[in-house]
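J.: What follows is a structure written as C-alpha cells; I'll ask about it next.
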Amino acid sequence: AQLKDLATQQSTNITWQGDLNLLADAIKNELRK
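If you're matching positions, the sequence shown starts at 1091 in my numbering and goes up one per residue.
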C-alpha cells in the first residue's frame, strides 16, 4: 500500500509540475505583449 501511495504521489507531483510550467509560459506570454 505504501509503495502504491508513493507512486500516486509521484505522478501527482509530475502533473502539478506540468501545470506549473504551463502557467509560467502563459505568464511569460502575457508579459511579452
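Here a beta-carbon is modelled for each residue, glycine too, at the ideal position from N, C-alpha and C. These figures come from a predicted structure and were not determined experimentally.
Tell me the rounded alpha-carbon separation between residue 1113 and residue 1099.
T.: When rounded, the distance between both Cα atoms is 21 angstroms.
J.: Apart from the five residues just before and just after residue 1056, which ones in its own chain have a Cβ nearer than 7 angstroms to its Cβ?
T.: Since the first and last residues shown for the chain are 1091 and 1123, residue 1056 lies out of range.
J.: In whole angstroms, what separates the C-alpha of residue 1073 from that of residue 1116?
T.: Examination of residue 1073 is not possible in this model, given that the chain is present from 1091 through 1123 alone.
J.: Determine the DSSP secondary structure at residue 1123, reduced to helix, strand or coil.
T.: The answer is coil: DSSP assigns residue 1123 none of H, G, I, E or B.
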